Amino acid sequence: MATDTLKSPAGASGAPGGLRRLLLDNGALTALIVLVIAMSALSGDFMTTDNLLNVGVQAAVTAILAFGVTFVIVSAGIDLSVGSVAALSATVLAWSATSQGIPVVLAVVLAIATGIACGVVNGILISYGKLPPFIATLAMLSVARGLSLVISQGSPIALPDSVSHLGDTLGGWLPVPVLVMVGMGLITAFVLGRTYIGRSMYAIGGNEEAARLSGLRVKKQKLAIYAFSGLFAAAAGIVLAARLSSAQPQAAQGYELDAIAAVVIGGASLAGGTGKASGTLIGALILAVLRNGLNLLSVSAFWQQVVIGVVIALAVLLDTVRRKAGATPVAAGTSQGGKGRQAATYVLAAVVAAALVGAMSFLHTGSSEAKSKKIGLSLSTLNNPFFVQIRAGAQAEAKKLGVDLTVTDAQNDASQQANQLQNFTSEGLGTIIVNPVDSDAVTPAAKAVNKSDIPLVAVDRSVNNASTAALVASDNVTGGKLAAKSLAEKLGGKGRIVILQGQAGTSASRERGSGFAEGLKAYPDIEVVAKQPADWDRTKGLDVMTNLLQANPDIDGVFAENDEMALGAIKALGSKAGKSVQVIGFDGTADGLKAVEAGTLYASVAQQPTELGRIAVQNAVKAAAGDKVEKSVMVPVKVVTKENVAGFTG
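Just so we're aligned: 460 in the UniProt record's numbering is position 460 of the sequence shown, and the numbers increase by one with no gaps anywhere.
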């Protein structure tokens with residue numbers, strides 16, 4: 001019979017064998033304890049109340065998604081759509097409650113119904129359409145994400161205050177997302193261990209044909225299983241949106257992989273038949289502890305991905321070792337005292353971990369003076385030369401001033417950036433610098449920084465509805481106007497152009513776009529025939545430009561809101577670039593300036609990103625010392641063409 005746990009044969013007795021069996025049967029828990037102890041030893045900021053609550057909050061969305069995925073994996077399926085379904089459900093909630101004026105309670109019900117409906121569609125495609133779960137849910141991943149973008153028009157939608165409170169705390173200290181996570185975990189445990197459908201999941205995962213022959217209506221059960229996954233995805237989306245006070249159409253990208261990883265790390269097998277709620281929770285906590293601890297230790301975001309990949313591989317390897325060690329399946333609900341022993345194991349593990357962590361705390365006696373010289377910098381992404389140059393300028397200035405700078409990469413994920421700001425806050429740093437993924441989504445985390453009395457400096461993009469000691473940025477509106485003037489004059493005041501926009505919802509895209517539109521008003525014979533977002537990315541710039549050329553082959557010019565998209569557009573234009581079609585970019589990156597020098601890119605509105613990073617650190621140091629800083633520091637922009645590129649220093 002299929003099971004939710006594995007145990008070694010009774011013959012494997014004796015103290016060494018008992019310890020070995022304990023470690024094999026509780027591998028994820030053992031790994032979590034080792035991680036907590038290691039992080040406590042390496043960082044004195046890890047085992048603080050605020051930081052442990054941060055870990056819980058940061059695990060919440062992944063855990064809720066993973067609980068839903070647990071049902072699917074136990075039944076030998078897979079669901080790749082949960083991240084997109086979470087984003088769609090949150091978008092439906094925000095859109096219906098704001099734009100449509102639907103009462104909040106009904107909007108929440110509609111959001112949950114959206115998640116369930118997506119799950120049911122998955123179940124129908126798999127059970128009755130005979131599609132492999134991988135293909136069916138991959139299709140839903142694309143459909144749900146597309147619908148989210150259609151409904152929101154690519155821009156974040158603010159949540160009603162009554163829903164945003166789900167991202168707050170009770171009594172000023174207990175985070176609501178943690179309570180929701182615990183509640184959903186208890187529901188998962190109850191469904192798996194105490195209900196008919198839970199037992200059916202294990203039976204289907206263990207041997208689907210045998211389950212069918214024994215009388216189970218497998219097709220209908222799968223509909224319910226995927227509906228559960230959609231329900232949990234909707235709950236996760238609502239919690240995520242509440243944390244950010246807005247529904248982000250691009251939210252939760254890649255979260256489905258984290259959810260699957262949490263389930264596998266927690267001891268479930270992708271072959272089906274095994275898995276449990278407590279293991280999934282432990283798996284999600286392991287991922288959260290890893291990310292939190294590695295942030296505190298200033299480990300590169302790129303290396304963090306490597307470490308997490310290794311952990312997932314080790315978890316699967318442990319599952320293989322456990323099976324080869326002679327573990328035998330035990331039917332769900334027939335553990336004969338196993339639950340009591342398991343609870344005792346968890347209590348014993350907590351006591352041992354607490355004792356060891358308490359001993360480790362004596363190793364750390366960091367002074368407040370040392371922390372005042374530490375600065376945290378959260379960049380929206382490091383997968384873009386512009387932000388890499390900001391980091392370089394910031395690091396050079398930090399070294400010059402003798403301060404410790406920690407740089408993190410939010411990977412264009414507003415939720416991940418909120419986690420990073422939480423971690424910086426719990427460390428008690430002297431100052432925090434943030435380059436927002438989204439100016440609105442960063443607000444709740446920025447307000448938490450304000451409450452901690454840590455000065456907050458914004459760089460390149462503003463922070464809305466929160467206090468900042470300084471904003472260090474280029475004048476994007478003026479830059480947009482300059483781009484319009486330069487392109488229009490190059491075209492002789494008339495022609496057909498297209499615009500490649502940055503990531504929807506970011507202040508930089510809004511400001512550059514509005515400045516360009518304002519500047520274009522002086523040239524009524526310039527016609528904008530198409531606008532499409534390419535998300536600041538060169539590859540997307542190439543793809544979007546290729547598509548736009550199919551419908552508009554006779555264009556005369558292109559304005560891209562950054563150099564990366566401009567370089568992609570040049571690739572799509574081929575021999576037309578710089579000859580029959582003039583392209584202008586924005587940022588003044590090294591690759592962009594090379595294209596200007598080569599003549600394929602007519603001009604770039606250069607921002608001097610290295611200077612942005614340098615000035616941001618200067619202001620952060622002043623703010624930490626209590627010195628007066630300018631509320632807004634505008635770094636001049638400059639139009640760089642082939643005529644003046646040689647003299648431009650950046």
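For each residue, glycine too, the CB sits at the ideal point set by N, CA and C.
Predicted, not measured: the structure shown is a model, and the values here were computed from it.
Among Val321, Ser81 and Ile73, nearest to alanine 236 - alpha-carbon criterion: Ser81
Kindly give me the distance between the Cβ atoms of asparagine 435 and arginine 496, rounded to whole angstroms, as I take these residues to be in contact under 8 Å. Contact doesn't hold; Cβ gap of about 35 Å is too wide.
Around the Cβ of tyrosine 196, are there at least 16 other Cβ atoms within 10 angstroms (buried) or fewer (exposed)? exposed
Excluding sequence positions up to five away, which residues of its chain have a Cβ less than 8 Å from the Cβ of isoleucine 390? Around isoleucine 390: Leu379, Asn435, Val459, Asp460, Pro609, Thr610, Leu612, Gly613 and Ala616.
Does the region 211-224 come close enough to the region 400-410 to have 3 or more Cβ pairs within less than 8 Å? no
Counting only runs that start and end within the region 377-421, where is the alpha helix (DSSP H) found for 4 or more residues in a row? Runs of the alpha helix (DSSP H) inside the region 377-421: 385-401.
Can you check which of these residues, Asp50, Val528, Asp45 and Leu141, is closest to glutamine 250 by C-alpha distance? Leu141
For lysine 373, which option in Ser164, Ile454, Glu527 and Gly480 has the closest C-alpha, if you only look at C-alpha atoms? Ile454
Could you tell me the alpha carbon to alpha carbon distance between alanine 545 and glycine 599, rounded to whole angstroms? Reading the sequence as shown, one finds methionine at residue 545 and not alanine. Cα-Cα distance, rounded: 19 Å.
If we ignore side chains and look at the alpha-carbon of each, how far apart do leucine 567 and arginine 538 end up? 6 Å
For a test of the three-state rule: what should DSSP assign to glutamate 527, helix, strand or coil? strand
Residues that DSSP places opposite glutamine 582 in a beta bridge: Answer is Gly557, bridged to glutamine 582.
What are the boundary residues of the alpha helix (DSSP H) that glutamine 58 is part of? 49-74
Hey, how far is the Cα of valine 74 from the Cα of arginine 145? Cα-Cα distance, rounded: 26 Å.
Residue of Asn562, Ser152, Ala227 and Thr62 minimising C-alpha distance to methionine 181: Thr62
If I'm right that glycine 119 touches alanine 227 with Cβ under 8 Å, what's the distance once you round it to whole angstroms? At roughly 4 Å, the Cβ-Cβ gap stays under 8 Å, so glycine 119 and alanine 227 are in contact.
Less than 8 Å separating the beta-carbons of glycine 376 and phenylalanine 424? yes
Contact criterion: CB-CB distance below 8 Å. Does glycine 266 meet it with respect to chain D? The question asks about chain D, but that chain is absent: this structure has only one protein chain.
What does the alpha-carbon distance come out to for the pair valine 316 and valine 637? 52 Å
Extent of the continuous alpha helix (DSSP H) run through arginine 145: Note, arginine 145: alpha helix (DSSP H), 133-152.
Please look up how many angstroms separate the CB atoms of alanine 470 and valine 457, rounded, as I've assumed it's under 8 Å. 5 Å
Kindly provide the ranges of any alpha helix (DSSP H) runs that are 4 or more residues long and lie completely inside the region 162-218, ordered along the chain. Whole alpha helix (DSSP H) segments, 4+ residues: 176-194, 196-206 and 208-213.
Can you name the residues that DSSP bridges to lysine 374? Asp404
State yes or no: is the C-beta of serine 229 within less than 8 Å of the C-beta of valine 69? Yes. Within cutoff.
For valine 639 and valine 605, believed in contact at Cβ under 8 Å, the rounded distance: 6 Å
Comparing C-alpha positions only, which one of Met565, Ile499 and Ser439 sits nearest to alanine 508? Ser439
On the CB-based measure, 16 or more other CB atoms within 10 Å of its CB, does glutamate 489 come out buried or exposed? Glutamate 489 comes out exposed.
Leaving out the 5 sequence neighbours to the left and right, which residues in its chain are closer than 8 Å to valine 529 when beta-carbon positions are compared? Cβ within range, chain order: Arg496, Ile497, Val498, Asn552 and Ile555.
Who pairs with aspartate 627 in a beta bridge, going by DSSP? According to DSSP, aspartate 627 bridges with nothing at all.
If you draw a straight line from the C-alpha of lysine 481 to the C-alpha of phenylalanine 134, how long is it? 47 Å
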